[in-house]
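Worksheet: one structure, shown below.
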Amino acid sequence: MSTHETTYIGAVMEAIDLEMARDERVLLLGQSVGGRPDDPFVQRYGENRVRVTPISETAEIGMAVGAALAGMRPVVDATMAEFLLVAMDQVVNEGNRFHHMSGGRVRVPMVLKAGYGFTAGWAGQHTGSIYGMFMGVPGLKVALPSTPADAKGLMASAIRDDNPVLFLHHYLLTLDRGEVPDGEHLVPFGQAVIRRPGADVTLVATGWTVPMALAAAATLAADGIEAEVIDPRTIAPLDTATVLASVRRTGRLVLVDQATRHASVSAVLAAEVAEAGFDALRAPIVQVTGLDAGIAYSRPMEEHVLPDEAKVVAAVRRVVEYSGTRV
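In our numbering, the protein residues as written are 4 to 330.
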């Protein structure tokens, strides 16, 4: 398969571009899209398919739900995840429920694209990792890609899906570069990937924390501790089978998540493994998450609240030392 290098956000937009070229039902809506005549998407697809919306999340997402019900496939650029909170009725009580409530007769193929976790001095209301509140909502899928290739593949799969999809991209990954497959590229929902194999401990990380976990695994490998790093890629559906299979091989589990501890993917995975894989565990499950606190503007306070590589390394050492043995 031939590839090319691009940025994370470039891969996202590449997927949208390819899907708009492939399917004339795909629309691009948002407050910050197509705002000028020389915008490349406007030039390629026209103002009927690339729509600047009012500064109103209830309006733009309501428009998208209606367009999807009418047979279109809208992609809404909602800018940041916190803005979705203004339109929660459309997100978690309307678009996601119509398929079930109609007995399968109605489809709502809609993508809500939003950034999250901009922990770079943006303070309390623009730094949230609030994906945990969406992952248990029936009828709503949630993608959380960590690489440019997965960003492209999951966006394409999201646009083709007949369900509403929340596509969340971490702001601090925006300009990360990586190899991306040329042309059509699809990544299936509900299929985790093992980023690094290992036999001593299972390390599951989401989104921005995946590179952090990989860096921690490299540090640990220098001391002879081999961590298997798993990236779920989507959290609804959530691939617990891959995590459980890994835990049965390693006997230990460390979970890394930027979200607050009690609203995290890690808490859900910890519960799933405790219920279905308890007999395989040789040490307690350890979670390395954000603290149950808001993100401060102060950088030292911000760093105190968030997970980092050193905290991940310390957690892994703790579970390995707990059992006193290594596989």
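Note that CB positions come from ideal geometry on N, CA and C, so glycine has one too.
For residue i, the residue or residues it bridges with in DSSP
i    : result
Q290 : L258
E182 : E8
A1   : Because the chain in this structure spans residues 4 to 330, residue 1 falls outside the shown range and cannot be described.
E231 : T205
K116 : D80 and F170
A146 : F170 and T237
V196 : D234
T253 : The partner list for T253 (beta bridge, DSSP) is empty, contrary to what the question assumes.
T263 : G293
Test item: CB-CB of residue i and residue j under 7 angstroms
i    : j    : result
V259 : V308 : no
L157 : P151 : no
G37  : F44  : yes
S132 : A262 : yes
K155 : A14  : yes
Y119 : L178 : no
T10  : V183 : no
V168 : T209 : no
D80  : K116 : yes
R110 : H102 : yes
A318 : V257 : yes
R252 : A286 : no
P337 : A71  : With the chain represented from 4 up to 330, any question about residue 337 goes unanswered, as that position is not in the structure.
A18  : G135 : no
F192 : T222 : no
A239 : V145 : yes
V140 : V95  : yes
Rounded Cβ spacing between residue i and residue j (contact assumed at less than 8 angstroms)
i    : j    : result
V204 : A216 : Not confirmed; about 11 angstroms, so no contact.
I162 : E22  : 4 angstroms
V68  : Q93  : 6 angstroms
D234 : V276 : No, D234 and V276 are not in contact; Cβ-Cβ is about 16 angstroms, not under 8 angstroms.
V316 : A219 : 5 angstroms
M75  : L31  : With 8 angstroms as the limit, M75 and L31 do not qualify as a contact, their Cβ atoms being about 11 angstroms apart.
P310 : T212 : 6 angstroms
V53  : V78  : With a Cβ gap of about 10 angstroms, V53 and V78 do not count as contacting.
V289 : V246 : V289 to V246, Cβ: 14 angstroms. No contact.
Y174 : F137 : Contact flag wrong, Cβ pair sits at about 18 angstroms.
E63  : T56  : 4 angstroms
V207 : L241 : Not really, about 10 angstroms apart at Cβ, beyond 8 angstroms.
R264 : G293 : 7 angstroms
Cβ-based burial, residue i [other Cβ within 10 Å; buried from 16]
i    : result
N99  : buried
N166 : buried
Q46  : exposed
E187 : exposed
G201 : buried
D295 : exposed
F281 : exposed
D185 : exposed
G106 : exposed
E312 : buried
H7   : exposed
Y325 : exposed
A90  : buried
S59  : exposed
D226 : exposed
T243 : buried
S160 : buried
M4   : exposed
A73  : exposed
E97  : buried
L88  : exposed
A230 : buried
P214 : buried
Practice prompt. Scan the segment 16-103 and note each continuous alpha helix (DSSP H) run of 4 residues or more that stays entirely inside, going in chain order.
Written response: 43-48, 60-72 and 84-87
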